[in-house]
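Step one of this worksheet: look at the structure below.
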Amino acid sequence: MDKIEKLIRKKGKEKIVSITAYDYAFAKIVDEVGFDFILVGDSLAMVVLGYDSPIYVTMDDMLRHTKAVARGAKNTLIVGDMPAGSYDDVTLALKNARAFVNAGAHAVKIEGPKKEIIEALVNANIPVMGHLGLTPQTIHEYKVQGREKEEAERIKREAKLVEEAGAFAVVLECIPEKLGEEITRSIKIPTIGIGAGRYCDGQILVIHDVLGLYDKFVPKFAKQYINFREIARKALQEFKEEVLANKFPEGKHVFK
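Using my numbering, the first residue of the sequence shown is number 13, and each one after it goes up by one.
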């Protein structure tokens with residue numbers, strides 16, 4: 013069964029599990045665990061490249077890391093996150109979305125209710141995942157969206173629009189749980205929550221938040237399952253001390 017069709021059929025039946033990944037090593041691990049999809053997210057800008065906003069990541073950055081993920085994840089649906097400025101009009105969106113597909117992505121994600129763009133990509137046989145609520149490429153203050161009635165109604169309308177335009181799923185970021193539930197019930201495509209409550213069809217987190225790799229900012233909606241930074245620090249400290257004490261390399265590490 014097609015990876016996207018399989019994901020769509022899970023709506024209302026089985027939770028969809030997804031994560032971001034940006035390189036070969038972690039993509040391979042995610043692939044082995046068996047996630048529904050990997051998002052090569054524009055969060056790459058912060059957690060890998062050290063910027064303070066996703067707006068600084070480029071198409072070249074995204075394509076390079078999409079290729080790396082594709083080399084590691086042979087069985088998992090890969091979604092490429094189109095960076096800010098890469099889909100400002102239909103012509104540009106088509107060009108850049110095709111570049112993602114050529115890099116190994118099976119689909120692309122775009123932010124906002126971009127009906128014309130989504131329709132054009134879908135008509136060109138490029139599957140699209142939407143992204144509503146907190147859209148970091150245009151909303152630079154990290155706060156919950158949709159708490160006010162008017163704003164909540166707007167996001168609901170946008171979800172319908174994204175569905176009607178042909179998107180196969182939509183990410184809902186940083187919205188009240190009740191709104192996430194209402195949208196999930198009101199549209200036929202899967203909703204993927206990131207800070208959107210327990211009632212979305214699936215969940216996604218940034219892999220660096222899950223593993224405790226990013227120390228600058230951890231959002232309330234993220235859960236750290238391991239402090240990988242501390243584990244790595246201890247291992248590197250031990251390596252350093254062994255080299256200084258002439259304990260590494262040992263005999264088994266040298267050639268005769």
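Glycine included, C-beta positions come from ideal geometry on N, C-alpha and C.
C-alpha gap between residue i and residue j, whole angstroms
i       : j       : result
Thr-196 : Pro-202 : 7 angstroms
Lys-27  : Ile-67  : 30 angstroms
Leu-144 : Arg-166 : 10 angstroms
Tyr-63  : Val-52  : 16 angstroms
Val-42  : Lys-107 : 29 angstroms
Glu-175 : Val-182 : 8 angstroms
Asn-135 : Tyr-34  : 28 angstroms
Gly-192 : Arg-241 : 32 angstroms
Ala-177 : Gln-249 : 53 angstroms
Glu-160 : Ile-187 : 11 angstroms
Phe-251 : Pro-261 : 10 angstroms
Arg-110 : Asp-213 : 28 angstroms
Val-69  : Phe-267 : 43 angstroms
Gln-215 : Val-45  : 16 angstroms
Phe-47  : Lys-18  : 12 angstroms
One or two residues paired with residue i in a DSSP bridge
i       : result
Met-141 : Lys-121, Ala-181
Leu-217 : Ile-31
Asp-100 : Per DSSP, none; premise fails for Asp-100.
Val-1   : The shown model of the chain, from 13 to 268, leaves out residue 1, and the question about it has no answer.
DSSP-derived helix/strand/coil call for residue i
i       : result
Gln-149 : coil
Thr-196 : helix
Thr-78  : helix
Ile-206 : strand
Arg-83  : helix
Leu-61  : coil
Ala-136 : coil
Val-266 : coil
Tyr-68  : helix
Glu-26  : coil
Tyr-154 : coil
Phe-240 : helix
Glu-160 : coil
Met-258 : The amino acid at residue 258 is misidentified as Met; the sequence shows Asn. Residue state, collapsed to three classes: coil.
Tyr-211 : coil
Contact set for residue i: own chain, Cβ-Cβ below 8 angstroms, skip 5 residues either direction
i      : result
Asp-73 : Leu-56, Ala-57, Leu-61, Pro-95
Lys-86 : Asp-43
Tyr-36 : Ala-80, Val-81, Arg-83, Gly-84
Met-71 : Pro-95, Ser-98, Asn-108, Ala-111
Other residues of its chain near residue i: CB distance less than 7 angstroms, five sequence neighbours each side excluded
i       : result
Gly-164 : Looking at the sequence itself, residue 164 is Ala, so the reference to Gly does not match. Here the set comprises Gly-158, Leu-191.
Ala-179 : Ile-130, Val-140, Met-141, Gly-142, Ile-201
Close Cβ partners of residue i (< 6 angstroms) along its chain, the five nearest in sequence each way excluded
i       : result
Ala-117 : Thr-78, Ile-90, Gly-92
Val-199 : Looking at the sequence provided, one finds Ile at residue 199 rather than Val. The answer, listed in chain order, is Ala-171, Glu-175.
Phe-49  : Ser-30, Leu-89, Val-91
Tyr-237 : Val-222
Ala-234 : Leu-217, Asp-221
Lys-121 : Val-91, Asp-93, Met-141, His-143
Val-156 : Cys-186
Glu-254 : Phe-260
### Query
Taking contact to mean at least 3 C-beta pairs separated by less than 8 angstroms, is the segment 221 to 228 in contact with the segment 203 to 210?
no
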